[in-house]
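> Please find one structure pasted underneath; my questions will follow.
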Amino acid sequence: MKYQHLLGICLSLILFCATTSAQDHVRVNEPDKNKPLLFSNLPDQIPVHVLDLQSLVNTDNGREVTLSLGKSTSGAFAGKVVSKANKYNNNIKSVVIRSSNFNGATLTLSSSIQPNGTVKFTGRILSLQHGDLYELKNQDNQYILIKKNFYDLINE
Numbered sequence: 002m003k004y005q006h007l008l009g010i011c012l013s014l015i016l017f018c019a020t021t022s023a024q025d026h027v028r029v030n031e032p033d034k035n036k037p038l039l040f041s042n043l044p045d046q047i048p049v050h051v052l053d054l055q056s057l058v059n060t061d062n063g064r065e066v067t068l069s070l071g072k073s074t075s076g077a078f079a080g081k082v083v084s085k086a087n088k089y090n091n092n093i094k095s096v097v098i099r100s101s102n103f104n105g106a107t108l109t110l111s112s113s114i115q116p117n118g119t120v121k122f123t124g125r126i127l128s129l130q131h132g133d134l135y136e137l138k139n140q141d142n143q144y145i146l147i148k149k150n151f152y153d154l155i156n157e
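So the sequence shown is numbered by our numbering: it starts at 2 and just counts up by one.
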């Protein structure tokens, strides 16, 4: 009789363990390919002067700044510095600028002094609500903002 109770308890425990799952199933977000484009009226590649990048990185918090995005005046990125950081005896500087004319966009720009003494810049102009962005690249010793698709850079 004791063996039947023990067998029943073991069988119940096995059934309980077999039907219970310890992990939740997480649904993967599908990318929204229909996001509106923020920079549709701007060219695919925009050259940027190093002096402009240096002045942006050295701007104080709360200051209004402008970065030229091409030949037209409507193509200027205007905004306010919302964050600034200096690390490692000013060898790495970073600034975040919230745009006032491109809705929801922020420019994140960093500079670092390389061991050979040269200054390297990295950055991007990005809005999470839009389907395009600009990434700063160095091509042939010239910094260029290159337009990219949002989901080429960001995975959800």
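Ideal placement from N, C-alpha and C gives every residue a C-beta, glycine not left out.
#1: Can you give me the C-alpha to C-alpha distance between Thr-67 and Asp-141, rounded to a whole angstrom?
#2: Between the stretch 112-120 and the stretch 85-95, do at least 3 Cβ pairs fall closer than 8 Å?
#3: Return the residue from the list Leu-129, Phe-78 and Asn-102 that minimises the CA-CA distance to Asn-35.
#4: Could you check whether Gly-132 and Pro-48 sit closer than 8 Å to each other, using their CB atoms as the reference points?
#5: Can you list, in chain order, the residues of its chain whose CB lies under 7 Å from that of Asn-150, leaving out five sequence neighbours each side?
#6: Since Gln-1 is in the alpha helix (DSSP H), which residue starts that stretch and which ends it?
#7: Please say whether Ala-106 and Leu-39 have beta carbons closer to each other than 8 Å?
The answer reads as follows:
#1: 25 Å
#2: yes
#3: Leu-129
#4: no
#5: Gly-132 and Asp-133
#6: Since the first residue shown for the chain is 2 and the last is 157, residue 1 is missing from the structure and cannot be characterised.
#7: yes
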